[in-house]
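Single-structure report; data block below.
There are 2 protein chains.
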Amino acid sequence: MNFEFSFILFGGELNFNTRLESVVKGGIGLCVGLDPVMDKLPEHVRSSAEPLLAFNLEIIEYTHEYAAAYKPNLAFYEAHGLAGWRQLEKTIRAIPEECLIIADGKRGDIGSTAEAYAVSLFETLNCDAATVNPYLGSDALEPFLQREDKGAFILAVTSNPGGADLQDLVCDDEQLFRHVIRMARRLNKLSNVGLVVGATKPDLWHDLLELAEDLSLLIPGIGAQGGDLDAMKRELKDYGTPALVNASRSILYASSGVDFGQAAGDAARRLRDQLVE
Amino acid sequence: MNFEFSFILFGGELNFNTRLESVVKGGIGLCVGLDPVMDKLPEHVRSSAEPLLAFNLEIIEYTHEYAAAYKPNLAFYEAHGLAGWRQLEKTIRAIPEECLIIADGKRGDIGSTAEAYAVSLFETLNCDAATVNPYLGSDALEPFLQREDKGAFILAVTSNPGGADLQDLVCDDEQLFRHVIRMARRLNKLSNVGLVVGATKPDLWHDLLELAEDLSLLIPGIGAQGGDLDAMKRELKDYGTPALVNASRSILYASSGVDFGQAAGDAARRLRDQLVE
């Protein structure tokens, strides 16, 4: 990576991988998923005028010290329409500058539509990275990779049971997700491409990391989904590219009472300590 | 399909395929893509307070007589953030009841997130159907298929050049998109599943329709993208399940002047006539 080059190109903005390295500080960074579900919010928050925002602000206040990144999942805001979108925008503005913001929308569409999504996520919402879906191929991903300072995490291996339906199919002698990883590497010309790899498939990790080579990682599935953190850490020990481990429910809903912020902060600190120790 | 059963279940709401059949009237229906791009809007529209909405209202006024469905592409609204989302909601409310509304967002995510997207598209935005991405597997699609009166069009073969990157890979002796179609058929328990198949791949049509069997179709790629309408019509002649052909740019931007509504209406009528003749 040519640090000076990226400095010149973007008037001080760093290349996305460099930014990611700086926030994870050489280890594995904690990403806090901001997925507020109304029914799960503490009762006193539910009655506020903007409950998703009120919840997020307290979560951010108590967790930002331990978080390398935040990942709002767009679905949980879109479910509330205009009011949800407004609270998403305000949430994003409240995230401290030293944390990266990953718009988790798993977008994917052809040419001009993908360009519009990139504008939405990187310019209008001002997020630093986005999760994207590979099914439509490389030309649908390229619009997300035009800015060196913004990153895209391409879905490779997802943490849900049905993920295997397509991802594990053997295509031309290797599983589909391996083709996705090769495609991601071909697209990584500006060092701004990452992979989403679920922590619930530990048997894949060794091969997967060998193939992923210089791609950064976003790892959901730890916590509520039951992925094995220690197994994952062993595999990541010698991986040279930054990784973020995401936790949502285990942090957001650590307590359902008035102390939910404090409890989220404690849960975030514990997980962060496990990641760096 | 058990008509009476669906009547009882949804208090008068029809099953999605039955609704689709009623709007395409036994032939191929026209779907008008509502993909407003600011730079392409006529100058006098661009200066209005809500330009996307002003544009859409006139497009709908002149085209609804010929349209079986409208398909707002969410990206073009999200690019404008809150203001865009507001204009999307107003656009959807302005579409006449006799036309179906397909939310084109190509969403796809795991369990609870997919449920939130289904709420967003089917309840909050009150659309009749959605386009969805199959990469995350069947459990990520099921939340979109819980209501008999709402449909989901699963991406199978897309019209962009890069579509082949994954979709044409040969997995266990057949191309990936064939696995997607089989998965779609397995999910079609309530007759509310369709496929998105691009019109730009005419060599695939014969086999594809044989495999698709009882799945409805949403066909982009006619018009600006250059798909061959006559070749497609020949193949669809004996297909028993309803199909929608989508056109966006060729209708929306038929004229860039003050007569854009009239020109869009003329383009919609000509294409509708070609579809039914």
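If you read the sequences in order, they're chains R and Y. For what it's worth, the numbering used here labels the leading residue of the first sequence as 1, then goes sequentially. For what it's worth, the numbering used here labels the leading residue of the second sequence as 1001, then goes sequentially. C-beta atoms are modelled at their ideal positions from N, C-alpha and C, and glycine is treated no differently. If you're wondering where the values come from, they're calculated on a predicted model, not measured in any experiment.
Could you check what DSSP says for residue i in three-state terms: helix, strand or coil?
i: K71 of chain R; result: strand
i: S216 of chain R; result: strand
i: K1040 of chain Y; result: helix
i: F3 of chain R; result: Confidence at F3 of chain R is low in this model, with a pLDDT of 39, below 50, so the placement of that residue is unreliable and no value is reported for it.
i: K281 of chain R; result: Only positions 1 to 277 of chain R appear in the structure, and residue 281 of chain R is not among them; the question remains open.
i: D1128 of chain Y; result: coil
i: A1116 of chain Y; result: helix
i: I102 of chain R; result: strand
i: L1030 of chain Y; result: strand
i: P96 of chain R; result: coil
i: Y62 of chain R; result: helix
i: H206 of chain R; result: helix
i: D139 of chain R; result: helix
i: N1015 of chain Y; result: coil
i: E123 of chain R; result: helix
i: Q1146 of chain Y; result: coil
i: E1277 of chain Y; result: coil
i: H179 of chain R; result: helix
i: D1278 of chain Y; result: The displayed coordinates of chain Y run from 1001 to 1277. Any statement about residue 1278 of chain Y would go beyond what the structure contains.
i: E50 of chain R; result: coil
i: A1079 of chain Y; result: coil
i: N188 of chain R; result: coil
Name the chain R residues that come within less than 9 angstroms of residue i, Cβ to Cβ?
i: N1073 of chain Y; result: D109, T113, A116
Quick one: which chain Y residues come within Cβ less than 7 angstroms of residue i?
i: S256 of chain R; result: Correct list: empty, because the minimum Cβ distance to chain Y is about 17 angstroms.
i: D165 of chain R; result: G1137, S1138, M1183
i: K106 of chain R; result: G1108, D1109
i: H44 of chain R; result: Chain Y residues near H44 of chain R: none, gap ~23 angstroms exceeds 7 angstroms.
i: V119 of chain R; result: A1079
Under 7 angstroms Cβ-Cβ, which residues of chain R neighbour residue i?
i: D1172 of chain Y; result: L169, V170
i: P1161 of chain Y; result: D139
i: T1158 of chain Y; result: I110, L136
i: E1089 of chain Y; result: G81, L82
Tell me, please, which residues DSSP counts as bridged to residue i.
i: E1174 of chain Y; result: Y:C1171
i: L20 of chain R; result: None; L20 of chain R has no bridge partner.
i: A152 of chain R; result: R:A130, R:V193
i: R107 of chain R; result: R:V132
i: V1045 of chain Y; result: V1045 of chain Y pairs with nothing; no bridge assigned.
i: V1157 of chain Y; result: Y:V1197
Within 10 Å of its beta-carbon, does residue i have 16 or more other beta-carbons around it, so buried, or fewer, so exposed?
i: K1189 of chain Y; result: exposed
i: Q1146 of chain Y; result: exposed
i: H1206 of chain Y; result: exposed
i: D1203 of chain Y; result: exposed
i: P1096 of chain Y; result: exposed
i: V157 of chain R; result: buried
i: V197 of chain R; result: buried
i: V258 of chain R; result: exposed
i: K106 of chain R; result: buried
i: R234 of chain R; result: exposed
i: R186 of chain R; result: exposed
i: R93 of chain R; result: exposed
i: E210 of chain R; result: exposed
i: H80 of chain R; result: buried
i: R272 of chain R; result: buried
i: S946 of chain Y; result: Coverage of chain Y is limited to positions 1001 through 1277, which leaves residue 946 of chain Y absent and any answer about it impossible.
i: G240 of chain R; result: exposed
i: E1043 of chain Y; result: exposed
So with CB distances below 9 angstroms, who are the chain Y contacts of residue i?
i: R86 of chain R; result: L1082, W1085
i: H179 of chain R; result: D1165, L1166, L1169
i: N56 of chain R; result: Result: empty, since nearest Cβ-Cβ is about 15 angstroms, beyond 9 angstroms.
Going along chain Y, which residues have a C-beta under 8 angstroms from residue i?
i: F76 of chain R; result: T1113, A1116
i: L155 of chain R; result: Y1135, L1136
i: L52 of chain R; result: Correct list: empty, because the minimum Cβ distance to chain Y is about 12 angstroms.
i: T200 of chain R; result: Near T200 of chain R there are no residues of chain Y at all, since even the closest Cβ is about 11 angstroms away, more than 8 angstroms.
i: L176 of chain R; result: L1166, L1169, C1171, L1176
Give the residues of chain R in contact with residue i, contact being defined as C-beta atoms less than 8 angstroms apart.
i: L1218 of chain Y; result: Per Cβ cutoff of 8 angstroms: no residues; L1218 of chain Y is ~14 angstroms from chain R at best.
i: L1125 of chain Y; result: G81
Next item on the list: Note down, one range per segment and in chain order, each beta strand (DSSP E) of at least 3 residues found wholly within the region 1218-1271 of chain Y.
Entry: As for any beta strand (DSSP E) of minimum length 3 sitting wholly inside the region 1218-1271 of chain Y, the runs are 1243-1247, ordered along the chain.
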